Every structure is written in structure tokens, then in C-alpha cells.
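Number of protein chains: 2
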Amino acid sequence: MSNTGEMEQKVGEMSVAEGEQELEEDIVDPWTVVSASAKGIDYDKLINRFGSSKIDAELIARIERVTGKPVHHLLRRGIFFSHRDMHFILDQYEQKKPFYLYTGRGPSSEAMHLGHLVPFIFTKWLQDTFDVPLVVQMTDDEKFLWKDLTLDEANRLAHENAKDIIACGFDINKTLIFSDLEYMGQVPEFYRNICQISKLVTFNQVRGIFGFGDSDSIGKIAFPPVQAAPSFSSTFPHIFNKRKDLPCLIPCAIDQDPYFRMTRDVAPRMDCLKPALVHSTFFPALQGHRINKYAFSGGGATLEEHKEKGGNCEIDVSYQYLTFFMEDDTKLEQIRKDYTSGELLTGDLKKELITVLQKLVSEHREKRAQVTDEIVKQYMTPRKLAFDY
Amino acid sequence: MSNTGEMEQKVGEMSVAEGEQELEEDIVDPWTVVSASAKGIDYDKLINRFGSSKIDAELIARIERVTGKPVHHLLRRGIFFSHRDMHFILDQYEQKKPFYLYTGRGPSSEAMHLGHLVPFIFTKWLQDTFDVPLVVQMTDDEKFLWKDLTLDEANRLAHENAKDIIACGFDINKTLIFSDLEYMGQVPEFYRNICQISKLVTFNQVRGIFGFGDSDSIGKIAFPPVQAAPSFSSTFPHIFNKRKDLPCLIPCAIDQDPYFRMTRDVAPRMDCLKPALVHSTFFPALQGHRINKYAFSGGGATLEEHKEKGGNCEIDVSYQYLTFFMEDDTKLEQIRKDYTSGELLTGDLKKELITVLQKLVSEHREKRAQVTDEIVKQYMTPRKLAFDY
Numbered sequence: 087m088s089n090t091g092e093m094e095q096k097v098g099e100m101s102v103a104e105g106e107q108e109l110e111e112d113i114v115d116p117w118t119v120v121s122a123s124a125k126g127i128d129y130d131k132l133i134n135r136f137g138s139s140k141i142d143a144e145l146i147a148r149i150e151r152v153t154g155k156p157v158h159h160l161l162r163r164g165i166f167f168s169h170r171d172m173h174f175i176l177d178q179y180e181q182k183k184p185f186y187l188y189t190g191r192g193p194s195s196e197a198m199h200l201g202h203l204v205p206f207i208f209t210k211w212l213q214d215t216f217d218v219p220l221v222v223q224m225t226d227d228e229k230f231l232w233k234d235l236t237l238d239e240a241n242r243l244a245h246e247n248a249k250d251i252i253a254c255g256f257d258i259n260k261t262l263i264f265s266d267l268e269y270m271g272q273v274p275e276f277y278r279n280i281c282q283i284s285k286l287v288t289f290n291q292v293r294g295i296f297g298f299g300d301s302d303s304i305g306k307i308a309f310p311p312v313q314a315a316p317s318f319s320s321t322f323p324h325i326f327n328k329r330k331d332l333p334c335l336i337p338c339a340i341d342q343d344p345y346f347r348m349t350r351d352v353a354p355r356m357d358c359l360k361p362a363l364v365h366s367t368f369f370p371a372l373q374g375h376r377i378n379k380y381a382f383s384g385g386g387a388t389l390e391e392h393k394e395k396g397g398n399c400e401i402d403v404s405y406q407y408l409t410f411f412m413e414d415d416t417k418l419e420q421i422r423k424d425y426t427s428g429e430l431l432t433g434d435l436k437k438e439l440i441t442v443l444q445k446l447v448s449e450h451r452e453k454r455a456q457v458t459d460e461i462v463k464q465y466m467t468p469r470k471l472a473f474d475y
Numbered sequence: 087m088s089n090t091g092e093m094e095q096k097v098g099e100m101s102v103a104e105g106e107q108e109l110e111e112d113i114v115d116p117w118t119v120v121s122a123s124a125k126g127i128d129y130d131k132l133i134n135r136f137g138s139s140k141i142d143a144e145l146i147a148r149i150e151r152v153t154g155k156p157v158h159h160l161l162r163r164g165i166f167f168s169h170r171d172m173h174f175i176l177d178q179y180e181q182k183k184p185f186y187l188y189t190g191r192g193p194s195s196e197a198m199h200l201g202h203l204v205p206f207i208f209t210k211w212l213q214d215t216f217d218v219p220l221v222v223q224m225t226d227d228e229k230f231l232w233k234d235l236t237l238d239e240a241n242r243l244a245h246e247n248a249k250d251i252i253a254c255g256f257d258i259n260k261t262l263i264f265s266d267l268e269y270m271g272q273v274p275e276f277y278r279n280i281c282q283i284s285k286l287v288t289f290n291q292v293r294g295i296f297g298f299g300d301s302d303s304i305g306k307i308a309f310p311p312v313q314a315a316p317s318f319s320s321t322f323p324h325i326f327n328k329r330k331d332l333p334c335l336i337p338c339a340i341d342q343d344p345y346f347r348m349t350r351d352v353a354p355r356m357d358c359l360k361p362a363l364v365h366s367t368f369f370p371a372l373q374g375h376r377i378n379k380y381a382f383s384g385g386g387a388t389l390e391e392h393k394e395k396g397g398n399c400e401i402d403v404s405y406q407y408l409t410f411f412m413e414d415d416t417k418l419e420q421i422r423k424d425y426t427s428g429e430l431l432t433g434d435l436k437k438e439l440i441t442v443l444q445k446l447v448s449e450h451r452e453k454r455a456q457v458t459d460e461i462v463k464q465y466m467t468p469r470k471l472a473f474d475y
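Chains S and R, in that order, give the protein sequences.
The first sequence lines up with residues 87 to 475 when you count with our numbering.
The second sequence lines up with residues 87 to 475 when you count with our numbering.
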């Protein structure tokens, strides 16, 4: 996976032609997220275009009813906002039938930052709540194909990033983390499923879905089935006792949906189940926040103006960050009220955020420091997990 | 590999547009071999178009000088007629430096017929003469992608065909036979090399080389690097002690050359050696021979005419078969003379051929019957061979 939760300003990667004209609609695919409007991505429109379903109050109520506990704040606050077939997964759960979780990470940087961790924080909640196996794909092959990286470097980053993922607290007895470059040479079912998928998808289709062109490498063209294959339980014979009928739920950022639209399209022709999905919005870019202070702050231009007119939480990045990371609903609501009224100043809001982030970061660093290479190796070994099928 | 030595009449697979107009030149790629002229493929033109080199008297003399023995009749009689970098391989051999052989088979039918065995008969001679390791790729993935076959069926055919290949007499201590579907899940270096190659080849290039179109599956588009990868010794870490600098010589039918033009193009950019090749002509189709008796016989239309004008060995399929399978030069030359003069009748020629073929077939069947599943498994296990690097 390329972009797990972070909205990056990728205008530099757009062609001149795209950059010059005004966009009629948001561009959202695994490699480009560009908004057509200053207000940012229009997620409701995206749901319409992609054909997914909104996570509404009724679905949230059903999750709470079925699991007997309040949903995670990332769900409650609309950060995970869209889904496909989530009701089917809940049906399974109600009937005590098994399913599994699949998510991933494109290992392109040495250390993961908090934005990268958002989908994993939510995935950990899903695993704990539903007590199901989790497979985490490290697409080191993808990063090799798209970036100026060697295979060894991409694979090394996969292991480094695995430490951050493990530090999120996933149960070692219920979690497999795997690097594509390694798993391909360990478990023949991976390549077999890739062959099955690849036979059913044409170049025309991947051009339409992913925007591939004639001068793209055949490595890129061949990649989507690699990300699709873990949606099928037969890709993990050690875990699922060679069963191919176990449903899969994929938590991911909405930009990864194209892969799974393709997967859902081929699944019935392979006699497989379509994977279900829960989609998150993008994490606001920290860089934009720092550089473009006024555009991304919702505070008044002067102290007087702020006290008089109040701040705008809708566009304030510090406030948005708090919705991702501050767990306490009551406190967050108080901050929203006080900032909106002008009582809480921008500096105070930022101080709140810094306190929350510093705590999260230092706790994460501490946990990560305990993750040895030996522990990484255990998580990354194809093996049976603590479930019988 | 799709077509190892057999010329098939694949007009049925051509597009209507191609079928309607007269061909300006022969079509020769891994899936289509169609001649523009009734005389058959013009191999000299093919050498020019492909940019390979003719195997001339001087090269043959050098091989005999260097190896100290007469060349195989398939070389002597121009059935292996074209090469790339064969002089480099002979330089290596003279300097007592190692190289290895790579050939393959697309397992699409239950049993291989004699035409399919021609490249293996020649490869066996190469292995015995140069005393080098041989790797044989069974492209069961390719057959799954191109044909209406399941993965299991394609893989089963790979094992069946391996028996025929083993029956050719390859030294078990010097030969690895591998199925793509199996080897991919056993040896990570295979996929790693595929990634490396795939990154360097664009869709435009494979369209130009292989004629892929927009409605071809991405499985087909992704396949050429799979056939290319065994050209690099790093694909076989067990055999070559992880060395990536060992030269490769590929005996194959000329229709497989597009794969290796692509391979030779990317090799320097991967810091790898370009594979050397020896190319064969196509084995005349037995089917055409049976059905279209007159067109493919070089005999006179009547007994009188034959006795008066003589037969034409150039176009007589029975005679062509003898050039492939009759080892005795003196006897073959006598037959050529007698048939050309009209002394030897078409029926006699066919009788000669049947005798030769029956002997070959019965000997082959006997050897094949001795190849147990256990022996196949031994040949197909990734392992060190009887060479140290």
C-alpha cells in the first residue's frame, strides 16, 4: 500500500497539463491525492464516485450493539467514514463465523510518523474488538517499483516499519506481518493467487482504474494483483488451514480503494468472496500546517479578532489533529466550544495538541525501542496463528 | 516457453485484419509462426530482422576445435542455425571459466512429441560436451495465463512433461528442472529478479516486442520477465552460490528470441551479463504433413514422374524429419542422392523415416516409463548441483 492515511500535497508529481488547468473533481488514487477545491477533498462526492457506502449513525449503532462496546473515536468522529459490505462482516460476527483483517504499508521512509499510524491504531481496535487474525502486507516490491530504491533498501525499510506497526500493540499470536519480497519466495499460494487475478484483469482495466500509461513499467502494471491477493484467505494457507472461504475486512485510507474495487470485481470469477472495506479520510499534512500558518489555522488574524469572532474548528489543522488523537470526547468537545467562541486562543489550542502528541510519540518510541529484530522475525514468519479453522 | 521447436499453423489465432491481407514478412513470435511465402519461413531474413548471427562454417569449426569432437548433427545440418554471443561462450570455455545452460518448456499437452524433444536432444549434447549445469524452466504459469487451463492442471502437465525431458538423459547431478508456480514460492531471488527486470521494461516495449494489446490480461503483460529471469545466475542461489556473474547459454527455437532480446536489453542496466543464444528452426508440423500430402511431399505426382524427374528433398517433410533424427550422415546423404535422382520412391523414404522414428519413440517410451514421481521430485528440488562456485 502506498498511502495509508496521509494527505500529501503531490502537485509536484502531476503533469504540467493537470497542474495548469483547474480540476473539476478531486483526484484520489494510490499515488495522487489532489483536491479540486480549497476546502479539501469532498468525501461525500468520493463515496458517490467510488460507489461505496457512508458509515452512518445506524451502522455505528449496530457495531456498538453487536460488540457490546462503544466504537473507536476514529469511527465515532467520522475519520473512518466509508465502507463496503460492513453489514456482511457484522452478520458473520453475529453468527460467530470467522473473518480476518488485512491492511498494509508501503515502506518508503525510515520511520513512520503519527499520520502513518492512524490506520494501524484503528486496526488494533478492530482486532481487539472482534478477536480475529490480522495480516499486514509490507509492499516493499511496490516501493522498489515506484521509487528510486534498491530491493535491499526497500526490504530493510519494510523491517524498520514493521517495528512501528508492532509497537502499536498487535497480538503476536494473532498477527502476521509479511514483506512481499519475502513472502513470494515462501508461500506458493501467493503467486498462484496473483496469477489467477492477473488472468482476469486487462491493461485497459488497470489504465482506467489506476491511470497507468503506455510508458509505465510492466512492473507497475503487474503490481495491483499483488496488493489484491491477500484479500483471499487462500493466500495464507498456514493461518487458514488452506480454506479459501473466509471473509476479509480491509481497513485503509480511501485512496487504496481502487485496488479493492478491482479485487471485488474479479473475486466472484475466482469463486472467492469480495473483501469488505472500511475507509478513512486523509490525515492532514503536517508540512502544510507548518508552512502555511494562516491558511490552515482556523484562528482569527489578530488576538482581538479571534476573541470577537472566535475560531473555526472545521479548517483548523490543530483541532483536526486532536480529533485523530485525543481520546477524551468530553475534553475535545470543551476545546471545540471554547475555540469556536474565541475563549481558547490558537496558542492554547496548539499547546493542547503538543501535549497530546508528545505523550503519544514518547509512548510509541518507548514501545518501539523494545521491538527487537528477533521479535520482528517472529511476526514475519509464515505460521499458524491462535485460531483453528 | 511456449513453442520449443514446432512450427504450428496458428492462422486461427491471428486477427481478421492480419488474416485478410497478404503478409509482407514472416510473423515469428512466441505465439504465432506464420510464413509469408509458400516456401516457409525465410530464416536468413529472420537473422537480419532479429539482429542475430548465422552459425557459419567457421563457428562450427571453432566448436569442434575447442571441444575436440564433432558437433551434433542438429548443428552440422543447420537446424540450429543462428546465435548470439556464442563466441563469448567459447572464449569462456577455452579459459576454463564456468557458464550454464538454460532452456524451457511450456507444458500445454499431456505428452511431448518428438518435435518438442528436439531442443532437449540438442541441449543434452551441449551439457555432455561442455560439462555444465542446466536449468529447465517449465512455464506452467504461462500456460495457465494463455490457455483454458487451471493452475493445478498446468502444474500437473509440467510434471508430466518433466518426465519426457528427464527421459532425454540429463545428468541428475547437473540438472535442475523447475515449475514457475513452484519455484516462485521456494526461492525469493526469482521474484526479486522479476521485479528488477519489470522495473526496466515499459508497456510500450512489450507491445513492440510481443504484440500485446490493451485488452490483453496484465498476467500476459507481466510474464516476459518470468521467462527472462533464469538468464541470470542469481535466480539460482543454490546452484551458483549466490554468484550473479555466471554467463548463460540458451538453446531454443527462434520464436523464443523476443524474450531474450528483451533480456539482453535490460541486462547491462541490472549489472548482469547478457545471455548467449543458439536458435533452431521450427520442426515441420506433422499434422500438415498428414493432411496435405502433396504440398509437403517432395515426390513426383506419379511413379513415372518421380522416376523421371526425381524428388525434391528441400520441401519433402519426410526427408526434413530424417535430417532431425537420422544420426548417420553417410546414410542420410545416400538417401538424399537416391531420392533426388528418383531411384528412391516416396514410399521407401517414408519407410526409412518410420523405422527411425519407431526406434526413437520406443526407446524414449522405455526410458520415460522408468522415470518415477520420486525421480521427478529429485530433479525439481532446488539444490546444489555437482559444481562448486
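Where is the CB? At the ideal position from N, CA and C, for every residue including glycine.
Values in this document were obtained by computation on a predicted structure and should not be read as measured data.
Backbone secondary structure at residue i - three-state DSSP
i: R:Pro337; result: strand
i: R:Tyr345; result: helix
i: S:Leu212; result: helix
i: R:Thr458; result: coil
i: R:Val364; result: strand
i: R:Tyr186; result: strand
i: S:Asp115; result: strand
i: R:Arg278; result: helix
i: R:Gly374; result: Residue placement at R:Gly374 is flagged as unreliable, the pLDDT there being 44, under the threshold of 50; the coordinate-derived value follows with that caveat. Correct three-state label for R:Gly374: helix.
i: R:Thr441; result: helix
i: S:Ser139; result: strand
i: R:Met58; result: The structure shown has nothing for residue 58 of chain R, since chain R only spans 87 to 475.
i: S:Ile325; result: helix
i: R:Arg469; result: coil
i: S:Val218; result: coil
i: S:Ile127; result: coil
i: S:Asp474; result: coil
Close beta carbons around residue i, own chain, < 7 Å, minus the five adjacent residues each side
i: R:Arg469; result: His324
i: S:Ile307; result: Phe289, Val292 and Phe298
i: R:Gly137; result: none
i: S:His158; result: Phe208 and Trp211
i: S:Arg148; result: Leu176
8 Å Cβ cut-off: residues of chain R touching residue i
i: S:Cys281; result: Asp227, Phe230, Leu231, Leu237, Leu267 and Gly305
i: S:Pro274; result: Leu267, Glu268, Met270, Gly271 and Gln272
i: S:Ser301; result: Thr288, Phe289 and Asn290
Contact set for residue i: own chain, Cβ-Cβ below 6 Å, skip 5 residues either direction
i: S:Val287; result: none
i: S:Gly428; result: His392, Lys393 and Gly396
i: S:His450; result: Ala253
i: R:Lys360; result: Arg350 and Ala353
i: S:Phe473; result: Pro219
Beta-carbon proximity of residue i to residue j, cut-off 8 Å
i: S:Ala339; j: S:Pro193; result: no
i: S:Lys260; j: S:Pro219; result: yes
i: R:Val222; j: R:Gly190; result: yes
i: R:Asp227; j: R:Val312; result: yes
i: S:Gln178; j: S:Phe167; result: no
i: S:Gln464; j: S:Ile258; result: yes
Distance between beta carbons of residue j and residue i, contact taken as under 8 Å
i: S:Pro274; j: R:Gly305; result: Actually they are not in contact, since the Cβ atoms of S:Pro274 and R:Gly305 sit about 16 Å apart, beyond 8 Å.
i: R:Tyr425; j: R:Leu435; result: 6 Å
i: S:Pro370; j: S:Val403; result: 5 Å
i: S:Tyr475; j: S:Ser317; result: Actually they are not in contact, since the Cβ atoms of S:Tyr475 and S:Ser317 sit about 17 Å apart, beyond 8 Å.
i: S:Met348; j: S:Ile280; result: Rounded, the Cβ-Cβ distance is 13 Å, inconsistent with contact.
i: S:Phe326; j: S:Ile336; result: Not a contact, Cβ separation roughly 16 Å.
Any non-hydrogen atom of the ligand NAP within 7 Å of residue i CB
i: S:Thr236; result: Although the ligand NAP was asked about, the structure shown includes no ligands whatsoever.
Other residues of its chain near residue i: CB distance less than 8 Å, five sequence neighbours each side excluded
i: S:Met466; result: His245, Ala248, Leu262, Ile263, Phe264, Ser265 and Glu268
i: R:Ser366; result: Gly91, Leu160, Ile165, Phe166, Phe167, Val204, Pro205, Phe208, Pro337, Cys338, Ala339 and Ile340
Chain S contact residues for residue i, given Cβ-Cβ distances below 7 Å
i: R:Arg278; result: Leu237 and Leu267
i: R:Ala244; result: Per Cβ cutoff of 7 Å: no residues; R:Ala244 is ~13 Å from chain S at best.
Closer than 8 Å at the beta carbon, the chain S residues around residue i
i: R:Lys285; result: Phe230, Leu231, Ser303 and Gly305
Contacts that residue i makes with chain S (C-beta to C-beta distance below 9 Å)
i: R:Ala315; result: The premise fails here: R:Ala315 is roughly 12 Å from chain S at the closest Cβ pair, so nothing lies under 9 Å.
i: R:Ala248; result: Within 9 Å Cβ-Cβ: nothing; R:Ala248 doesn't reach chain S, min ~17 Å.
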